[in-house]
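> Submitted below is the structure of interest, expressed as structure tokens.
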Amino acid sequence: SVKREMLYEGKAKKVFLTDDESQVIVEYKDDATAFNGEKKGTIAGKGVLNNRITSIFFKMLEAKGIPTHYIETLSEREMLVKKVRIVPLEVVVRNIAAGSLAKRIGWEEGTILPKTVVELYYKNDELGDPLINHSHVDVLELATPEQVAELEQMAREINVYLKAFLADKNLLLVDFKLEFGIDTDGNLILADEISPDTCRFWDADTKEKLDKDRFRRDLGSVEEAYEEILRRLGGFAL
Ligand code: C5P
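Numbering of the sequence shown is given in full-length UniProt numbering, commencing with residue 2 and proceeding in unit increments.
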């Protein structure tokens, strides 16, 4: 697949067209943003680490039967994926109270949720990605009710697989964000990335944070935390 012109540049990734119109190349950058772009920085080597980490998670999920955009890892920073029309929703799944949920419902960070919580956020930078409900998704025509049901069900299944996979590596999956897309054949598939940028991972024993909260909260050793996640997942699998 030949890399053609850039289609889109996001906060952490660039997307390039290829000579195959059903495929694009994602290039992972070292840029990091938080709080809706208010906090900016770079994390040396983050792009390489997130490309590898996302590759491992997507391969595992594909093997479990979850349809994803992942095709193959091309280089240190590049991944070949199916071209999709992104559904403008951020689907957040939570197992333990943290971040905005801890604040919203007044539960202490670290409280185990008695039931899995699934939330939808409207992917809109100008509005700051607000939390929305099914009725808002419907009136905005972001997805059909059937698509919402399907992507929420997929998100719950992905949670089951990720939680078990990470538990085996002595990691707690606190929460994570997913994005879905419609591929050129019209199928709803998992897209974007699964990495320490988009998940909260805690060491199961020490509860040490091994994710982007180290950047958001200025805890230091951000790069080292991402390296530790890759190491526990089995390292340099390309
Ligand atoms: O900030 P909040 O607690 O709502 O984040 C929940 C989860 O979703 C965290 O794992 C966070 O990394 C992820 N997230 C994300 N992109 C956003 C918002 C949240 O990856 N724009």
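Quick reminder that beta carbons are idealized off the backbone N, C-alpha and C, glycines included.
At which residue ranges does the segment 56 to 98 contain complete beta strand (DSSP E) runs of 3 or more residues, listed in the order of the chain?
71 to 74, 79 to 83, 85 to 87, 90 to 97
> Tell me which residue opens and which closes the beta strand (DSSP E) that K170 is part of.
Along the sequence shown, one-based indexing puts residue 170 at 169. First-last for K170: undefined, no H or E at that position.
> Report the option in L141, A192, T185, S136 whose CA atom is closest to the CA atom of L152.
Stepping through the sequence shown from its first residue, residue 152 is reached at position 151. Of the listed residues, the one whose Cα sits closest to L152 is A192.
> Out of curiosity, what's the CA-to-CA distance linking K178 and V92?
Within the sequence shown, the letter at position 177 stands for residue 178. Within the sequence shown, the letter at position 91 stands for residue 92. When rounded, the distance between both Cα atoms is 5 Å.
> Going by DSSP in three states, E110 sits in which element: helix, strand or coil?
Locating residue 110 in the sequence shown gives position 109, where the first residue counts as 1. DSSP places E110 in coil when its eight states are reduced to three.
> Give the straight-line distance between the Cα atoms of A238 and P131, rounded to the nearest whole angstrom.
Taking the first residue of the sequence shown as 1, we reach residue 238 at position 237. Taking the first residue of the sequence shown as 1, we reach residue 131 at position 130. Confidence is the limiting factor: at A238 the pLDDT is only 41, short of 50, which leaves the residue's position unreliable and the question unanswerable from this model.
> Let me know if V223 comes out buried or exposed under the rule of 16 or more other beta-carbons within 10 Å of its beta-carbon.
Here residue 223 is taken as the residue at index 222 of the sequence shown, counted from 1. The residue is buried, with at least 16 neighbouring Cβ atoms inside 10 Å.
> Taking 7 Å as the line, does the beta carbon of L167 fall inside it for any heavy atom of the ligand C5P?
Taking the first residue of the sequence shown as 1, we reach residue 167 at position 166. With a threshold of 7 Å, the Cβ atom of L167 does not count as near the ligand C5P, since no heavy atom of the ligand is closer than that.
> In the structure shown, what three-state DSSP assignment does D184 receive?
In the sequence shown, the residue the question calls residue 184 occupies position 183. Assigned with DSSP and collapsed to three states, D184 falls in strand.
> Is the distance from the Cβ of L90 to the Cβ of Y123 below 8 Å?
The residue labelled residue 90 in the question sits at position 89 within the sequence shown. The residue labelled residue 123 in the question sits at position 122 within the sequence shown. For L90 and Y123, yes; Cβs fall inside 8 Å.
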